[in-house]
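Novice:
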Amino acid sequence: MTTKTWHERAAALNADGRAFIDGWRVDARSGLCFDSLSPVDGRMLAEVARCDVLDVDLAVTAARRAFEDRRWAGMAPAARKRVLIRFADLMLAHRDELALLETMDMGKPIRYSLSVDVQLAQNCIRWYGEATDKIYDQVAPTPEDSLALITREPVGVVAAIIPWNYPMLMAAWKIAPALAAGNSVVLKPSEKAPLSSLRLAELALEAGVPPGVFNVLPGYGDEAGKALALHMDVDCIGFTGSTRVGKQIVQMAGQSNLKRAWTELGGKSANIVCADCPDLDAAVESAIGSIYFNQGESCNAPSRLFVEESIREAFLDKAMKLIPRHAPGDPLDEETVMGAIVDQAQMKTVLGYIEDGKAAGARLLAGGGSARQDSGGLYIEPTLFDGVDGSMRIAREEIFGPVLSVLSFTDLDDAVNQANSTPYGLAAAVWTRDISKAIRTSRALRAGTVHVNQYDNDDITVPFGGYKQSGNGRDKSLHAFDKYTELKTTWIQV
Ligand code: NAP
Ligand code: MG
7 MTTKTWHERA AALNADGRAF IDGWRVDARS GLCFDSLSPV DGRMLAEVAR
57 CDVLDVDLAV TAARRAFEDR RWAGMAPAAR KRVLIRFADL MLAHRDELAL
107 LETMDMGKPI RYSLSVDVQL AQNCIRWYGE ATDKIYDQVA PTPEDSLALI
157 TREPVGVVAA IIPWNYPMLM AAWKIAPALA AGNSVVLKPS EKAPLSSLRL
207 AELALEAGVP PGVFNVLPGY GDEAGKALAL HMDVDCIGFT GSTRVGKQIV
257 QMAGQSNLKR AWTELGGKSA NIVCADCPDL DAAVESAIGS IYFNQGESCN
307 APSRLFVEES IREAFLDKAM KLIPRHAPGD PLDEETVMGA IVDQAQMKTV
357 LGYIEDGKAA GARLLAGGGS ARQDSGGLYI EPTLFDGVDG SMRIAREEIF
407 GPVLSVLSFT DLDDAVNQAN STPYGLAAAV WTRDISKAIR TSRALRAGTV
457 HVNQYDNDDI TVPFGGYKQS GNGRDKSLHA FDKYTELKTT WIQV
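Here the sequence shown is numbered in the numbering used here, starting from 7 and rising by one per residue.
(1) Measuring CA to CA, which of Thr389, Ala346, Val356 and Ala368 is closest to Arg378?
(2) List the DSSP bridge partners of Arg31.
(3) Measure the C-alpha to C-alpha separation of Ala325 and Val124 and round it to an integer number of angstroms.
(4) Check Pro173 in the structure and name its three-state DSSP category.
(5) For the ligand MG, is there any heavy atom lying closer than 7 Å to the beta carbon of Ser448?
(6) Please return the same chain residues whose Cβ sits closer than 6 Å to the Cβ of Trp268, not counting the five positions on each side in sequence.
(7) Put Asn423 into one of helix, strand or coil per three-state DSSP.
(8) By DSSP's criteria, Asn221 is part of a beta bridge. Which residues make up the other side?
(9) What residues in its chain sit with their C-beta under 7 Å from that of Ala401, if we drop five residues either side in the sequence?
(10) Under the three-state reduction of DSSP, which class applies to Gln144: helix, strand or coil?
(11) Using the rule of at least 16 other Cβ atoms within 10 Å of the residue's Cβ for burial, across every protein chain shown, is Lys354 buried or exposed?
(12) Starting from Asp41, trace the beta strand (DSSP E) both ways and give me its first and last residue.
(13) So if I measure from each beta-carbon to every heavy atom of the ligand MG and keep distances below 6 Å, which residues remain?
(14) Do the region 448-464 and the region 209-224 touch if we need at least three Cβ pairs shorter than 8 Å?
(15) Reducing DSSP to helix, strand and coil, say where Phe245 ends up.
(16) What whole-angstrom Cβ distance do Ser203 and Trp170 have, given they're in contact under 8 Å?
(17) Give me the Cα-Cα distance between Phe40 and Lys265, rounded to the nearest whole angstrom.
(18) In whole angstroms, what separates the C-alpha of Ser442 from that of Asn459?
(19) Using 8 Å as the limit for Cβ to Cβ distance, is Val458 near chain B?
(20) Answer yes or no: the CB of Pro195 versus the heavy atoms of the ligand NAP, is any distance below 7 Å?
(21) Once you ignore the five residues that flank Ala366 on each side, which residues in its own chain have a CB closer than 8 Å to its CB?
(22) Which of helix, strand or coil does DSSP assign to Met344?
(23) Quick one: using the 10 Å Cβ neighbour count with 16 as the cut-off for buried, is Met50 buried or exposed?
(24) What I want to know is whether the C-beta of Lys87 ends up closer than 7 Å to one or more non-hydrogen atoms of the ligand NAP.
(25) Got a sec: does the ligand NAP put a non-hydrogen atom nearer than 7 Å to the Cβ of Cys305?
(26) In angstroms with no decimal places, state the Cα-to-Cα distance between Ala307 and Val145.
(27) With H, G and I counted as helix, E and B as strand and the rest as coil, what does DSSP make of Tyr298?
(28) Taking the alpha-carbon positions, what's the Ala163 to Ile141 distance?
(29) Assuming Leu5 and Ile317 make a contact with CB atoms under 8 Å, what is their CB distance in whole Å?
(30) Which of the three DSSP states, helix, strand or coil, is assigned to Ala377?
(31) Any heavy atom of the ligand NAP inside 7 Å of the beta-carbon of Lys114?
(32) Of all the options Ile255, Asp139 and Val122, which has the alpha carbon lying nearest to the alpha carbon of Ala79?
(33) Consult DSSP for Asn277 and reduce its assignment to one of helix, strand or coil.
(34) Between which two residues does the beta strand (DSSP E) containing Lys494 stretch?
(35) By DSSP's criteria, Met50 is part of a beta bridge. Which residues make up the other side?
(36) Spatial neighbours of Asn277 within its chain, please: CB distance less than 6 Å, with the 5 preceding and 5 following residues excluded, ordered by chain position.
If you want it as structure tokens, here you go:
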């Protein structure tokens, strides 16, 4: 589609910011709203319902009722499968509309909203839908006088709290396995990007997910989010977000009803490029492409780059040639690969880290400032620091913006030690043509995903999540069912 057409559609966008409870669009009980402004150009997108403890009670009650009367959990797995596949089909049928909501709400380029966010989110719903009638329970090896069944049952009411960086995809990673397993769900999207989640709830209903089974409550973290985490009738909470809030979620689960609390948190992932990497061009392209993808607002962004000293100069030469390609552009132009930063607060945080890196003595080789000021939106140049030291904040803390910190190494063991010396453990990568070295290094890296000679190539078939303070849960793959099901033993005397 042309940029002009996308702009016309954006101008005509009529986003509904009301909550979705028990099959209906409703205002918050308090009547309060907040404004959703687009980071693309600053325009007002929608008045969003500011849900709080009252709305949480209503949604949890509706979800509980739907669970108890078995309108969804009691459906034959093949029937649930058909509904979820219809849901995925509807997402594809509304692909342009969903992509536009995502781009306008959080600033990512429309090309990726289409090809990554809508595409992967619908595939996730479809994949768990497909899995619904293909998973078997177990029979234990008992003596002859007994029969013992090990079965999985839905946990009940699942609360999902998600971040703003991949709003639709993070929603899908939570709701797809939770719904496929027969649970009821109450989803709280981030206040910064709630619009696509709300639209998903309407499409799910249209596909045949019964009212009350999937509810969406937009609102603030310390109001709607906190009320969900503390609720006595929520059985499980699936949280994706920062490590800071993740710790609070686990505490609130313990303070209330000891609901199962699954956390998928932040990262400061290390990308280690050895001098014997099989293809230096590919390594550079991947390192640059992955850090600037989604404006650097990715939990698994390879934000610490360790380059072996003997190839550092060659690596940086090539990197500097690629960086201009990632300059921010109009998110509604399908050629644009880097869009807008989600909001003023995030903008300030990222620019603050850049100032901090300069003050600490790192060498700023590219970017370092804001861009496209005349657009009315929020943009930051792709930024690269060389000469970064492991003690600097830009090497230790998650920046969540388009900022790459380059550290060099001469000894691989030392690089691995540095890579591991972080509270995080989400992802890592190593580039080498020596297979033994690759295996030894990937075993030594304390991270939920280790990439070898690539970055970012995974899919719905493999688990995603972190070691250490990057969280305890795993999204994606059949392992995600572990979070949303209880194991039951039934021992029968024969
Ligand atoms: P965040 O500030 O922790 O917020 C995450 C969610 O929690 C939002 O919906 C937020 O609501 C809510 N929240 C905030 N305070 C809360 C409270 N006291 N009680 C209950 N809920 C509360 O994180 P973010 O800035 O949205 O997202 C960025 C973070 O997510 C990064 O650290 C990133 O690495 C991480 N992330 C991890 C993964 C993964 O799979 N491991 C994937 C994507 C992102 P409000 O927005 O309304 O405050
Ligand atoms: Mg927004």
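For every residue, glycine included, the Cβ atom is placed at its ideal position computed from N, Cα and C. In this text, all values refer to a predicted model and were calculated from it rather than measured experimentally.
Specialist: The relevant details are as follows:
(1) It is Ala346.
(2) When beta bridges are read from the DSSP output, Arg31 appears opposite Phe26.
(3) When rounded, the distance between both Cα atoms is 30 Å.
(4) Of the three classes helix, strand and coil, the one that applies to Pro173 here is helix, per DSSP.
(5) No, the Cβ of Ser448 stays beyond 7 Å of every heavy atom of the ligand MG.
(6) Cβ neighbours of Trp268 beyond the five flanking positions: Gly244, Gly479 and Lys489.
(7) Correct three-state label for Asn423: helix.
(8) Its beta-bridge partners are Val192.
(9) Apart from sequence neighbours up to five positions away, the residues of its chain that approach Ala401 with a beta-carbon distance below 7 Å are Arg310, Val394, Asp395, Ser411 and Leu413, ordered along the chain.
(10) In the structure shown, Gln144 sits in a strand (DSSP, three-state: E or B).
(11) Taking all protein chains shown into account, Lys354 has fewer than 16 neighbouring C-beta atoms within 10 Å of its C-beta and is therefore exposed.
(12) Here the beta strand (DSSP E) through Asp41 covers Cys39 to Leu43.
(13) The filter returns Ser42, Asp111, Met112, Lys198 and Ala199, in chain order.
(14) Using a Cβ-Cβ distance cut-off of 8 Å, the region 448-464 and the region 209-224 are not in contact, since fewer than three pairs of beta carbons, one from each stretch, lie closer than that value.
(15) Here DSSP, grouped into helix, strand and coil, assigns Phe245 to strand.
(16) The C-beta distance from Ser203 to Trp170 rounds to 10 Å, too long to fall under 8 Å, and the pair is not in contact.
(17) C-alpha separation (whole angstroms): 30 Å.
(18) Their Cα atoms are separated by approximately 13 Å.
(19) As a matter of chain content, chain B is missing from the structure shown, which is built from one protein chain.
(20) Yes, since a heavy atom of the ligand NAP falls inside the 7 Å radius drawn around the Cβ of Pro195.
(21) Asp395, Met398, Arg399 and Ile400, listed in sequence order.
(22) It is coil, neither helix nor strand.
(23) It counts as exposed.
(24) False, no ligand heavy atom lies under 7 Å from that Cβ.
(25) A distance criterion of 7 Å places the beta-carbon of Cys305 in contact range of the ligand NAP, judged by its closest non-hydrogen atom.
(26) So the alpha carbons of these two residues sit roughly 42 Å apart.
(27) Of the three classes helix, strand and coil, the one that applies to Tyr298 here is helix, per DSSP.
(28) At residue 163 the sequence reads Val, which differs from the Ala that was named. Their backbone Cα atoms lie some 21 Å apart in a straight line.
(29) No answer is possible for residue 5: the residues shown for the chain start at 7 and end at 500.
(30) Correct three-state label for Ala377: strand.
(31) No; taking the cut-off as 7 Å, the Cβ of Lys114 has no heavy atom of the ligand NAP nearer than that.
(32) Considering only alpha carbons, the answer is Asp139.
(33) In the three-state scheme derived from DSSP, where H, G and I count as helix and E and B as strand, Asn277 is classed as strand.
(34) Note, Lys494: beta strand (DSSP E), Thr491 to Gln499.
(35) Answer is Leu43.
(36) Within the same chain, Cβ atoms closer than 6 Å to the Cβ of Asn277 are found at Ala293, Pro308, Leu311 and Ala435, the five residues on either side in sequence being excluded.
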